[in-house]
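Enquirer: Same order as they appear, the protein sequences are chains A and B. Numbered according to my numbering, the first sequence spans residues 1 to 416. Numbered according to my numbering, the second sequence spans residues 1001 to 1416. Right, I'll just put the structure down here and ask away after.
2 protein chains.
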Amino acid sequence: MKPGDRVRVDRDDRTFEGVLLPSSDDDQLVVKLEGGYNVGVDRGGAEVAVLAEDVYEIDGTDSTGDGGESEIEFDEELPTISLISTGGTIASTVDYRTGAVTAQFDAEDVLRAVPDLAGRANYRGRVVANILSENMEPPIWQDLARAVHEEIENGADGVVVMHGTDTMQYSASALAFMLETPVPIVFTGSQRSADRPSSDNVMNAVCAVEAAKSDCAEVLVCMHASESDDVCALHRGTRVRKNHTSRRDAFETVGAEPLGDVDYESETVQFHRKYQHRDERDLSLADGLSEDVELLKFTPGMDPAFLDVAEGSAGLILEGTGLGHVHTDFIPRIEELVEGGTTVVMTSQCLEGRICDRVYDTGRDLLEAGVIEAGDTVPGTAKVKLMWALENAESVAETMETSLAGELQERSVPWE
Amino acid sequence: MKPGDRVRVDRDDRTFEGVLLPSSDDDQLVVKLEGGYNVGVDRGGAEVAVLAEDVYEIDGTDSTGDGGESEIEFDEELPTISLISTGGTIASTVDYRTGAVTAQFDAEDVLRAVPDLAGRANYRGRVVANILSENMEPPIWQDLARAVHEEIENGADGVVVMHGTDTMQYSASALAFMLETPVPIVFTGSQRSADRPSSDNVMNAVCAVEAAKSDCAEVLVCMHASESDDVCALHRGTRVRKNHTSRRDAFETVGAEPLGDVDYESETVQFHRKYQHRDERDLSLADGLSEDVELLKFTPGMDPAFLDVAEGSAGLILEGTGLGHVHTDFIPRIEELVEGGTTVVMTSQCLEGRICDRVYDTGRDLLEAGVIEAGDTVPGTAKVKLMWALENAESVAETMETSLAGELQERSVPWE
């Protein structure tokens, strides 16, 4: 068997039939199913039958990101949008052109996957990773930031990042802190694969390209705004959260309306709040990230031994209750962590509203122990920000209390 | 100085002036401030000046819960509501009658604190704890469940539990699993103390009493439904979440509308969904709880060493991404935990929507490793339920996948 063959793969009680694709992972068979959805199957224990040879042309040419051999002509009237793939459900609609990890794809591949993108931009593409987003890790955020930086440096008028939805909010936050950008960087994904009638991948991709052509030079997340196929919401990357496991409109901006939206039919991009305009900032990259940061959600009955996990760590995000509390018994141990050099930052599991540790005794004791308040920063975003701040900020405490990329909103505690 | 004296307490840079109350903790001074809000101050390092003696009568009589010496007459036309205090902002409006931990209060104390409660019910009261709710622990849930059981056994037509808002949702879940009840058990609290014009304590207390008189024999949470003083929402205890750090309408039912509401002005209690009716179930108590359960929220870049904390534990709740995922590298370690006897249950940090680990490889591998799916159970509720199931259920796995007290809603994954 070889890439391009039609195969049937049996493993355990499951059977997949489709075209074998090149795989960068020797232990995995990648099969393109009817309807365009790719599935990865462990090679171990899998039985493969070749049903037909060479049913699909797999192009081994490593077409470059900057134009290359594409048959689609460059249109000087149109902006150039870079599509960067990291994997996930949405990326599985684009065929691989090579089996290498640094695989790239070109306009032709893009338009074969999503014909509706034709005529909207000149496209170039590259693959930074091909993973399920639960396997996303800080080093891949760094690769992604460097790739986006390179694309913008090479003249992209906007960037679309295709990403699995599970951890999209963390990756979008990471890029928002690592990059200052003069053009839009738009994450999009898909909650339902292309082989399902309810798939959201085409509309999300089209709207993301429109957003990437817009005036908003921020890191955005573009996903369905409702259960209808009419409008995509544009969320600020540092304030967005996947709030539903399966709905197409799972993504929400925490504590505010989305920054803007894209009307699918009229192709109109609108912004409803203040944002960073195109070309107002120079491109810059600060890609240092400390991997030595943990996040701990406090719940009643929790064993204080959990805190030992953070001993010697550079940073710890606490997801406390209410205004930013944990059981009083945790406070002496937190003080020891701070004295040992760990930066401890408080966020709230309420998700909405601001930390305020000056109201109750527990909070005041936490502040005295050296805990830093993250305002209304969403806990996951606070973790990513602390990873970044530990490597890039002069004062980590001051940085955590200052909005760098919209992660802190207006003060929302009414007595301030 | 003695309880009943007007005092000024100076400690660090803070000054409190008010009436000294009896304290069950020798290390704490408890001062009732102007406006009725109680504050606890560490005795160490505090300077106390007596401004006037005996300005307030502190009754040392241990008035019993079943009527006792109250001057308020029992009205046979009215139902009897038990008010149980655990502490928190709302409880600080009720005066202590004794300094003992088992302190009780009677109808007179209740009506002095919230005169608007007059004429609605016969009241009796008891104090189970006097703590900030971040310090709530499973043994106090058990004390509380036993106290509620006793009150209902002794003829209460409904129970109101006054509780700090930080961990109210966990305590309400605990009671929902430990008790089968023929009458309403209504938690209420206060997001703003009584000395502030925006205090919500009177309306929440009044609406909670009305709900406790209603037909709904479930554990409910009664808090402001909006920022106005018009309606309180009645949330099912196992589905509610504090979603804002400071707003009065911080509490929301996850993934559904609230079960009902109470109109403050018209005193009307309405239910909008199916519920358990009064007197349909016999009273019963199953108060066993395993304290050996942890909750772990997965975030990208997380150190797998966190999982070691759960080694040898009876149970572990994972708060995964999306449909119920963690980094693939965690799976072998999770399998070891399961083989070591730890019950591992998957929930989602999305909060809304159902776990479904049969869609992607990561999920299927987790199921093969022995992970149990908690459906759309809110993660904190799943932790409390697992604590209960480990001590009371014949099959823990089956129990976690079955709705006992409304914690599991309709299947919400559309492809099922």
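Using N, Cα and C, we set each Cβ at its ideal position, and we do this for glycine too.
#1: Check whether the Cβ atoms of A:Ile140 and A:Val159 sit closer than 9 Å, and answer yes or no.
#2: Which same chain residues, not among the five before or five after A:Thr188, have their C-beta less than 7 Å away from its C-beta?
#3: State the Cα-Cα distance for the pair B:Ile1355 and B:Val1262, rounded to the nearest angstrom.
#4: Please report the distance separating the alpha-carbon of B:Gln1191 from that of A:Asn154.
#5: Under 7 Å Cβ-Cβ, which residues of chain B neighbour A:Thr165?
#6: Mind checking if A:Pro197 is an interface residue toward chain D, Cβ cutoff 9 Å exclusive?
#7: Can you tell me whether B:His1244 is buried or exposed? The criterion is at least 16 other CB atoms within 10 Å of its CB, across all chains shown.
#8: At 4 residues or longer, what runs of the alpha helix (DSSP H) sit wholly inside the segment 129–174 of chain A?
#9: With B:Ile1355 as the anchor, note down where its alpha helix (DSSP H) starts and where it stops.
#10: Can you give the Cα-Cα distance for A:Ser284 and A:Leu323, rounded to whole angstroms?
#11: Since A:Ser348 and A:Gly315 are thought to touch, with beta carbons under 8 Å apart, how far apart are those beta carbons, to the nearest angstrom?
#12: Going by the CB atoms, is the gap between B:Cys1216 and B:Arg1120 shorter than 9 Å?
#13: Listed in chain order, which residues of the segment 1108–1137 of chain B have Cβ atoms closer than 7 Å to some Cβ of chain A?
#14: On the criterion of 16 or more Cβ atoms from any shown chain inside 10 Å, does B:Thr1268 qualify as buried, or is it exposed?
#15: Going along chain A in order, which residues have a C-beta closer than 8 Å to the C-beta of B:Met1302?
#16: Quick check: A:Ile372 and A:Glu335, are their CB atoms within less than 9 Å of each other?
#17: I'd like the list of long-range same chain contacts for B:Ala1053, defined as Cβ closer than 6 Å, with 5 residues on each side in sequence excluded.
#18: So, at 8 Å on beta carbons, what are the nonlocal neighbours of B:Arg1146 in its own chain, with the 5 sequence-adjacent residues on each side left out?
#19: Give the interface partners of A:Asp229 over in chain B, defined as CB-CB distance under 9 Å, in chain order.
#20: With distances taken from CA atoms, which of A:Gly237, A:Val240, A:Arg247 and A:His235 is nearest A:Asp229?
#21: With DSSP collapsed to three states, give me the class of A:Val110.
#22: Quick one: grab the DSSP three-state call for B:Val1019.
#23: Residues bridged to A:Phe271 by DSSP?
#24: Just how far apart, CA to CA, sit B:Pro1300 and A:Phe177?
#25: Could you spell out where the beta strand (DSSP E) holding A:Cys222 opens and where it closes?
#26: Going by Cα to Cα distance, which pick from B:Asp1109, B:Arg1281, B:Val1183 and B:Leu1179 is closest to B:Asn1392?
#27: Mapping the DSSP letters down to three states, classify B:Gly1004 as helix, strand or coil.
#28: Just to confirm my understanding: we take B:Gly1045, look at its own chain, exclude 5 residues before and 5 after, and list those with CB closer than 8 Å. What are they?
#29: Which of the residues in the segment 1243–1255 of chain B, read from start to end, lie with their CB under 9 Å from any CB of chain A?
#30: For A:Arg333, name the three-state secondary structure that DSSP assigns.
#31: Contact criterion: CB-CB distance below 9 Å. Does A:Ala305 meet it with respect to chain B?
#32: Measure the CB-CB distance between A:Gly282 and A:Pro379 and report whether it falls below 9 Å.
#33: Specify, as a first and last residue, the run of the alpha helix (DSSP H) that B:Val1231 falls within.
#34: By the 9 Å beta-carbon criterion, what residues does the segment 1372–1397 of chain B contribute toward chain A?
#35: If I'm right that A:Glu294 touches B:Asp1303 with Cβ under 8 Å, what's the distance once you round it to whole angstroms?
#36: Starting from the C-beta of A:Gly67, find all residues in its chain whose C-beta is less than 6 Å away, skip the five residues before and the five after it, and write them out in chain order.
Expert: So, from the listed chains and residues:
#1: The beta carbons of A:Ile140 and A:Val159 sit no closer together than 9 Å.
#2: Answer for A:Thr188: Ile90, Val160, Met162, Asn204, Ala205, Ala208, Cys222 and Met223, listed in chain order.
#3: C-alpha separation (whole angstroms): 33 Å.
#4: Rounded to whole angstroms, B:Gln1191 to A:Asn154 spans 53 Å at the Cα level.
#5: One finds Gly1322 in chain B with Cβ atoms closer than 7 Å to the Cβ of A:Thr165, taken in chain order.
#6: The structure shown contains no chain D; its protein chains are A and B.
#7: Under this definition B:His1244 is a buried residue.
#8: Fully enclosed alpha helix (DSSP H) runs of 4 or longer: 138–153.
#9: Taken as a continuous stretch (DSSP letters only), B:Ile1355 belongs to no alpha helix (DSSP H), as it is neither H nor E.
#10: Roughly 35 Å between the two C-alpha positions.
#11: That belief does not hold up - the Cβ atoms of A:Ser348 and A:Gly315 are roughly 17 Å apart, past 8 Å.
#12: In this structure, B:Cys1216 does not lie closer than 9 Å to B:Arg1120 by Cβ.
#13: Look at the segment 1108–1137 of chain B: the residues with a C-beta under 7 Å from a C-beta of chain A are Leu1132, Glu1134, Asn1135, Met1136 and Glu1137.
#14: Around the beta-carbon of B:Thr1268, fewer than 16 other beta-carbon atoms lie within 10 Å, marking it exposed.
#15: Within chain A, the C-beta atoms nearer than 8 Å to that of B:Met1302 come from Glu294 and Leu295, in chain order.
#16: No, the Cβ-Cβ distance between A:Ile372 and A:Glu335 is not below 9 Å.
#17: For the record, residue 1053 of chain B in the displayed sequence is Glu; it is not Ala. For B:Glu1053, where only same-chain residues beyond five positions count, the Cβ hits under 6 Å are Asp1005.
#18: Non-local beta-carbon contacts of B:Arg1146 in its own chain, meaning distances under 8 Å to residues more than five positions away in sequence, involve Leu1285 and Asp1287 in chain order.
#19: Under the 9 Å cutoff, chain B gives no residues; its nearest Cβ is about 15 Å from A:Asp229.
#20: That would be A:Arg247, whose Cα lies nearest to the Cα of A:Asp229.
#21: Reduced to three states, the DSSP call for A:Val110 is helix.
#22: Correct three-state label for B:Val1019: strand.
#23: For A:Phe271, the beta-bridge partners assigned by DSSP are A:Gly260.
#24: A direct Cα-Cα distance of roughly 16 Å separates B:Pro1300 from A:Phe177.
#25: For A:Cys222, the enclosing beta strand (DSSP E) covers residues Val219 to His224.
#26: Cα-wise, what sits closest to B:Asn1392 is B:Leu1179.
#27: In the structure shown, B:Gly1004 sits in coil (DSSP, three-state: anything other than H, G, I, E or B).
#28: Cβ within range, chain order: Arg1011 and Asp1012.
#29: Under the 9 Å Cβ criterion, the segment 1243–1255 of chain B contributes Asn1243, His1244, Thr1245, Ser1246, Arg1247, Ala1250 and Gly1255.
#30: Correct three-state label for A:Arg333: helix.
#31: Yes, A:Ala305 lies at the interface with chain B (some Cβ there is under 9 Å from its Cβ).
#32: The sequence shown places Asp at residue 282 of chain A, rather than the Gly named in the question. The beta carbons of A:Asp282 and A:Pro379 sit no closer together than 9 Å.
#33: Element bounds for B:Val1231: not the alpha helix (DSSP H) but the beta strand (DSSP E), Val1231 to Arg1236.
#34: Result list: Asp1376, Pro1379, Gly1380, Lys1383, Val1384 and Met1387.
#35: With 8 Å as the limit, A:Glu294 and B:Asp1303 qualify as a contact, their Cβ atoms being about 6 Å apart.
#36: No answer about A:Gly67 holds up, because its pLDDT of 38 lies below 50 and its placement is not dependable.
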